[in-house]
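From first to last, the protein sequence lines are chains A and B. Residue numbers for the first sequence follow my numbering, so the first one is 257 and each next one is one higher. Residue numbers for the second sequence follow my numbering, so the first one is 183 and each next one is one higher. We treat Cβ as the ideally placed atom computed from N, Cα and C, and that holds for glycine. From a predicted model like this one, the values you see are computed outputs, not experimental measurements.
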Amino acid sequence: SQQGEEDPQALSIQEGENATMNCSYKTSINNLQWYRQNSGRGLVHLILIRSNEREKHSGRLRVTLDTSKKSSSLLITASRAADTASYFCATDAGANSKLTFGKGITLSVRP
Amino acid sequence: GAGVSQSPSNKVTEKGKDVELRCDPISGHTALYWYRQRLGQGLEFLIYFQGNSAPDKSGLPSDRFSAERTGESVSTLTIQRTQQEDSAVYLCASSLGPGGNYGYTFGSGTRLTVV
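Structure representation (structure tokens):
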């Protein structure tokens, strides 16, 4: 079963705009991670936020975590055409030492 | 190596044949994971290795699926008597240690097509 559920399922924006993607999960977690996937192949790790953190930044990425609402958001600022990809959130519940991935969000950035 | 390497990158096989998929993790990464991704879907966990042991095999869908890891390095995922529903991209990932405390590094996957 999938722990994380992202929304929206698909997002289309103009280059230069900000993209906000959300993830909700069901059980308590140790940390939450975001990954990007291009062309249905390998995923690339973007950022990890621990359960005791509320916000984290990496370049144009900003991730927030609200453990009371069991939700996270990924903000990509000043989007570029190269940001076009699928984005997945993944949760680490600690028990079985594996990440559980959501179904992903397809982001299209129009030049 | 510099990254996680998977081979073959593409495999077309006839229904009923056996296939072997290979994963070479990053040197020194003790944890290794196999996931499956059907077209347009999320990642489905298959199996996790810590060293050469597999403490979590809960995602293997049937006894036609098996995996091993040797030398705390290379892992092989074997699918026996392949079925059309086995068609998917099989992704391998490794990380420095167990759990999600470290990010995963993924290979580029093996796209398996069963005809």
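Asked	Found
For Gln223 (chain B), which residues in chain A fall below 7 Å Cβ to Cβ?	Lys359
Within a Cβ cutoff of 7 Å, which residues of the same chain sit near His211 (chain B), ignoring the five residues on either side of it in sequence?	Ser276, Ser277 and Leu278
In the DSSP output, which residue or residues are listed as bridge partners for Ile285 (chain A)?	The partner list for Ile285 (chain A) (beta bridge, DSSP) is empty, contrary to what the question assumes.
Can you pull the chain B neighbours of Arg316 (chain A), defined as C-beta to C-beta under 7 Å?	None at all; the shortest Cβ gap to chain B is about 18 Å.
Just the C-alpha distance for Phe344 (chain A) and Gly360 (chain A), rounded to the nearest angstrom, thanks.	4 Å
To be precise: take each residue of the segment 292-314 of chain A, compare its Cβ to all Cβ atoms of chain B, and keep it if any distance is under 9 Å. Which residues remain?	Gln293, Gly296, Arg297, Gly298, Leu299, Val300, His301, Leu302, Ile303, Leu304 and Arg306
Please report whether the beta-carbon of Lys282 (chain A) lies at a distance below 7 Å from any beta-carbon of chain B.	no
For Val186 (chain B), which option in B:Tyr284, B:Gly253 and B:Cys274 has the closest C-alpha, if you only look at C-alpha atoms?	B:Cys274
What span of residues does the beta strand (DSSP E) with Val319 (chain A) cover, start to end?	Leu317 to Asp322
Return the residues of the segment 258-277 of chain B that lie within a Cβ-Cβ distance of less than 7 Å from chain A, sorted by chain order.	Val271 and Leu273
Between the beta-carbon of Arg318 (chain A) and the beta-carbon of Leu331 (chain A), is there less than 7 Å?	yes
Let me know if Gly222 (chain B) comes out buried or exposed under the rule of 16 or more other beta-carbons within 10 Å of its beta-carbon.	exposed
Kindly indicate which three-state DSSP category Gln158 (chain B) falls into: helix, strand or coil?	What is shown of chain B runs 183 to 297, which leaves residue 158 (chain B) out entirely.
Under three-state DSSP, which class holds Ala341 (chain A)?	strand
So which residues of chain D does Ser235 (chain B) contact, with C-beta pairs closer than 9 Å?	No chain D appears in this structure, whose protein chains are A and B.
Just mark Gly224 (chain B) as buried or exposed, buried being the case when its beta carbon has 16 or more other beta carbons within 10 Å.	buried
Evaluate contact between the segment 256-263 of chain B and the segment 195-215 of chain B, counting only Cβ atoms and requiring at least three cross-stretch pairs below 8 Å.	yes
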